[in-house]
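From first to last, the protein sequence lines are chains A and B. The numbering of the first sequence is our numbering, which starts it at 1 and goes up by one. The numbering of the second sequence is our numbering, which starts it at 1001 and goes up by one. Down below is the structure, laid out as structure tokens.
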Amino acid sequence: MTTTLPAWFTTRQELAKARYESIPDPKRNDVLWRFSNIKQLDFSNLSGEAKSPDHTELIARSTGLVKPAAKFVFLNDEVIHSQSSLPENVICLSLADALVSYPDLVEAHFMKQETHLGSAKYSALHEASVKNGLFVHVPDNTEIVGSIEVHHWISDKGTVFPHSLIVTGKSAKVRVIDIFRSADEISPGLVIAYNDISAGPNSAIDYIAIQALNEVSRLIAIKETTTARDARSKTFILNTGSAWARNESMSRLEGPGAHSDMLSVSIPHLEQEYDQRTFQHHVSEGAYSNLLYKNTLYGRSKTVFSGLISVDENAHHTDAYQTCRNLLMTDDCEANSMPGLEINADQVKCSHGSTSAQISDDEIFYLQARGIDPVQARQLIARGYSIDAVKRLENEDAENLVLSFIDSKFSRIL
Amino acid sequence: MFTEDTATALLDEETHDAINIDRTKGDFTFPERNKFDAGWGLSSATVDYICDVKQDPDWVREFRHKALAVFESKPTPTNWATKDLENIDYDKIRFYLSDGEKPKRSWADVPADVLETFERLGIPQQERAFLAGVEAQFDSEAAYSNVKEELSKQGVIFVTSAHGLKEHEEIFRPWFGKVIPTGDNKYSALNSAVFSGGSFIYIPKGVKLKQPLQAYFRINSESFGQFERTLIIADEGSEVMYMEGCTAPKFETATLHSAVVELVALKGAKIQYVTVQNWSSNVFNLVTKRGLAMEDAEVRWIDCNIGSRLTMKYPGVIMKGERARGEVISIALANTGQHQDTGAKMIHAANNTTSNVVSKSISVGQGRATYRGQVHIPKHLKGCKNNTECDALLINSHSRTDTYPAITVKGNRHATQHEASVSQVSEEMLFYMRQRGLNEGQAMSLAVNGFINDLVREFPMEYSVELKRLIDLEMEGSVG
Chain A
1 MTTTLPAWFT TRQELAKARY ESIPDPKRND VLWRFSNIKQ LDFSNLSGEA
51 KSPDHTELIA RSTGLVKPAA KFVFLNDEVI HSQSSLPENV ICLSLADALV
101 SYPDLVEAHF MKQETHLGSA KYSALHEASV KNGLFVHVPD NTEIVGSIEV
151 HHWISDKGTV FPHSLIVTGK SAKVRVIDIF RSADEISPGL VIAYNDISAG
201 PNSAIDYIAI QALNEVSRLI AIKETTTARD ARSKTFILNT GSAWARNESM
251 SRLEGPGAHS DMLSVSIPHL EQEYDQRTFQ HHVSEGAYSN LLYKNTLYGR
301 SKTVFSGLIS VDENAHHTDA YQTCRNLLMT DDCEANSMPG LEINADQVKC
351 SHGSTSAQIS DDEIFYLQAR GIDPVQARQL IARGYSIDAV KRLENEDAEN
401 LVLSFIDSKF SRIL
Chain B
1001 MFTEDTATAL LDEETHDAIN IDRTKGDFTF PERNKFDAGW GLSSATVDYI
1051 CDVKQDPDWV REFRHKALAV FESKPTPTNW ATKDLENIDY DKIRFYLSDG
1101 EKPKRSWADV PADVLETFER LGIPQQERAF LAGVEAQFDS EAAYSNVKEE
1151 LSKQGVIFVT SAHGLKEHEE IFRPWFGKVI PTGDNKYSAL NSAVFSGGSF
1201 IYIPKGVKLK QPLQAYFRIN SESFGQFERT LIIADEGSEV MYMEGCTAPK
1251 FETATLHSAV VELVALKGAK IQYVTVQNWS SNVFNLVTKR GLAMEDAEVR
1301 WIDCNIGSRL TMKYPGVIMK GERARGEVIS IALANTGQHQ DTGAKMIHAA
1351 NNTTSNVVSK SISVGQGRAT YRGQVHIPKH LKGCKNNTEC DALLINSHSR
1401 TDTYPAITVK GNRHATQHEA SVSQVSEEML FYMRQRGLNE GQAMSLAVNG
1451 FINDLVREFP MEYSVELKRL IDLEMEGSVG
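Next up, the structure:
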């Protein structure tokens, strides 16, 4: 297989391997890992070959949208099913194939930015180990109706490195939905995912990641979004599964009029831990970014939110907003928020807000008075609270898909 | 151009005369006349020297040596803080200087040159006008100390910390180093090793001081670090306001200021600690301040940072008793060459405790203002509330501001909210004011004073007037 891979790629994998080995493990007192559970980075229980379960059954379970524009099913980074009704000028195929068929196009966009939110080591590991994923290239003035739906299955004690590389040309438009799941409920797996999202001038990219792994698996997902002049990027992360998940999301605004929305809903319960770090990087003047993260915590779960808005020296007339809200449902949950700002320009409008609170007795009483029992009432309020962020997807099919995963999580908590 | 005359014309003559402190007059030094000098650099010999000169009891000597070991073992916290800290050369700092004279009781006993410094700072006027007692610090020892007789009668103790640890050991020792342990951070350890000067205040049960207590601090010897140590204990139901203001003459090499301030508010007591920090812009100001609030007690830090090269100061309150309350009101102004790294730390350790942080910063020229905050609400508590607001104002296009809060909430019976905003003075606002005959500098000054106006009101009257004037001076030449 290596013989068919382009030389630039093999070189980068070798360099990344050396980088992975030279970067020290994160330590407890690293600022970028503040409040994190560093113990989760011990992956020694994962040695073992990934077994391949029944493909037909997994393909049958890979249901999402009623009519996706294209659909891919991966099992441990191998394509086991694909279908597409995309226009011919759109390139949409597995990364392994794209490396062979479109090496130059992939090279132009593949992992261009430095990871600086703490996971540089795991980003290097991903780069050294990545074998597959999805490559989407939408040429100028092409709008894709519907969504590209990608299912990533992981089985046994496997470690996978799925990569999503999404590129749009001028005035193009696309929506990609990644769904991460485990083939069974008992095998601990590890996902080290990387999303490269590059929105060309005046284009629009929606990217949705649904993480519903089994509750003994772990995930590190690094997302790099760059948004060009007058382009619009919208990323959404749903966390319902895994024992521990770390999301690092970076958004670079590279041209005036660029618009970036960063959304997330997390609903941890029991001992689940979600550790989310974000970076809104205003490189260009006159750009807009808006972040909304909503967490609902049950059991002894724990969330960490660390967000930073960084406005470069000449990025005047920036509008940047950041909001993290925590709804605390039990006595033992723990929410950590570190909303940050670094401003080096003027004529800037920036704000961040972070709140943590519980549902008030008045709200429960109101619903009880209308015949809804307290348990249901709390669930109803929590659902409504999450929907607030889901609605910002502004696409009914995608919203319903995300909501079906949210409802399935709530039904397990009840 | 915006001149001093126009700035002061806004105040009525009398008020102006009463509070006039011309900060530019801080740019001078008198010939040094130090009887005791610990020499350059820091070693266990330096610590012994300080102990010998100050005739410290054995427990203090032991405390200092332990602290020195902690200081040496702790790394410089550049993993999160500015790299500028690496520019402190501890071998080029003199850690103890004193003229070896006992604190004075009346103005007539104070050496003439020292007195002149104070005259220029305006202390005598303030003494007459407002003060209950003065603890003015010239280099490391208090050169003047006076508590009004009526306070003494009430049992209030207001002395230097050196005096406090010898004469009032039974009150001093149980709390000394308890709110801020030696190992809290590298700079609290440094202070614990070499501290000299600072105040010890004890307010007996139920005594409510109507007038604030005040101390002025000055650094006067070149390359000399000042390490004062202040401990204030407010016994049950008492109330006190303490004011600390700083100026320092300008020097050519950087000086280090690393204070430790511990406040203890026992049941139902109330302590307000007011600081106006206006060190010259070559001073590293690395201060640890923390208060302990027991049941129904309240600790308020009112903090204003205008001077220094680098200030790192995060006043904290540990709310240890039920219904305790903590508050930090903070104003920071960072001009070119300055980094104001300030913030607040709120540790909730009992039910129904509430805390409030309001921070406003202004960055001028290439100045950098940073807010760092921590709010911690542990498990199994209920009814804890925190409100944090931080607002930043950027004046010029190279000004910089950062905000790094950290909020931990465990359990579901609490409420926290944090909000921050960054803005600039709008063109419309300036235009509106210029239409009404103000020049650009005055308009900018007015806008900045408006931005912090609601916080300035929290300061005692004479401070708030002085503060407004300091801001006018800082804003001079920032535009146009």
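Yeah, the Cβ is synthetic: ideal placement off N, Cα and C, and Gly gets one too. None of these values were measured; they are calculated from a predicted model.
Any C-beta of chain B under 8 Å from that of residue i
i, result
"V31 of chain A", "yes"
"D361 of chain A", "no"
"V150 of chain A", "no"
"T303 of chain A", "no"
"N326 of chain A", "yes"
"E334 of chain A", "yes"
"R277 of chain A", "no"
"T115 of chain A", "no"
"S266 of chain A", "no"
"N344 of chain A", "yes"
Own chain, CB closer than 6 Å to residue i, minus 5 neighbours either side, in chain order
i, result
"V1207 of chain B", "Q1154 and S1238"
"T1408 of chain B", "H1376"
"S354 of chain A", "C324, S337 and P339"
"E1262 of chain B", "V1179, I1180 and L1231"
"Q276 of chain A", "N247 and F305"
"D25 of chain A", "none"
"V79 of chain A", "S94"
"Q379 of chain A", "F410"
Interface flag, residue i vs chain A, CB-CB below 8 Å
i, result
"H1339 of chain B", "no"
"P1405 of chain B", "yes"
"L1394 of chain B", "yes"
"Q1366 of chain B", "no"
"G1411 of chain B", "yes"
"E1419 of chain B", "yes"
"A1344 of chain B", "no"
"N1087 of chain B", "no"
Alpha-carbon spacing of residue i relative to residue j, whole angstroms
i, j, result
"A209 of chain A", "F180 of chain A", "8 Å"
"L190 of chain A", "Q1272 of chain B", "53 Å"
"N1220 of chain B", "A221 of chain A", "Because the pLDDT at N1220 of chain B is just 48, under 50, the model does not fix this residue reliably, and the point stays unresolved."
"E1474 of chain B", "T10 of chain A", "58 Å"
"P201 of chain A", "D1454 of chain B", "45 Å"
"L1393 of chain B", "H1418 of chain B", "18 Å"
"M111 of chain A", "D196 of chain A", "6 Å"
"Y1463 of chain B", "A258 of chain A", "46 Å"
"S1188 of chain B", "T240 of chain A", "44 Å"
"P139 of chain A", "V130 of chain A", "25 Å"
"E1236 of chain B", "A1269 of chain B", "5 Å"
"G1411 of chain B", "E363 of chain A", "19 Å"
"E143 of chain A", "K173 of chain A", "4 Å"
"E1327 of chain B", "L65 of chain A", "52 Å"
"R229 of chain A", "T168 of chain A", "12 Å"
Contacts that residue i makes with chain A (C-beta to C-beta distance below 9 Å)
i, result
"W1301 of chain B", "In chain order: nothing, as chain A lies at least about 22 Å away."
"S1073 of chain B", "Going along chain A, no residue has its Cβ under 9 Å from S1073 of chain B, so there is no contact; the nearest lies around 15 Å."
Amino acids of chain B, ordered along the chain, whose beta-carbon sits closer than 8 Å to that of residue i
i, result
"G415 of chain A", "Because chain A in this structure spans residues 1 to 414, residue 415 of chain A falls outside the shown range and cannot be described."
"H282 of chain A", "Residues of chain B passing the Cβ test: none, with the nearest at roughly 12 Å."
Cβ pair residue i, residue j closer than 8 Å
i, j, result
"V1364 of chain B", "I1331 of chain B", "no"
"T1403 of chain B", "Y1371 of chain B", "yes"
"I237 of chain A", "S198 of chain A", "no"
"L5 of chain A", "L95 of chain A", "no"
"C350 of chain A", "A315 of chain A", "no"
"W1040 of chain B", "K1092 of chain B", "yes"
"M1243 of chain B", "P1212 of chain B", "yes"
Sequence-distant residues of its chain with Cβ nearer than 7 Å to residue i (five each side left out)
i, result
"R1323 of chain B", "E1295, D1296, N1352 and T1353"
"K67 of chain A", "G146"
Own chain residues within Cβ distance below 8 Å of residue i, not counting five before or after
i, result
"D373 of chain A", "none"
"L328 of chain A", "L297, A335, S356, A357 and Q358"
Per-residue contacts from residue i into chain B (C-beta, under 9 Å)
i, result
"Q376 of chain A", "Those do not exist, as Q376 of chain A stays about 18 Å from chain B at its closest Cβ, beyond 9 Å."
Proximal residues of chain A, C-beta to C-beta of residue i below 8 Å
i, result
"K1379 of chain B", "D331, D332 and E334"
Chain-ordered chain B contacts of residue i [CB-CB under 7 Å]
i, result
"K349 of chain A", "S1423"
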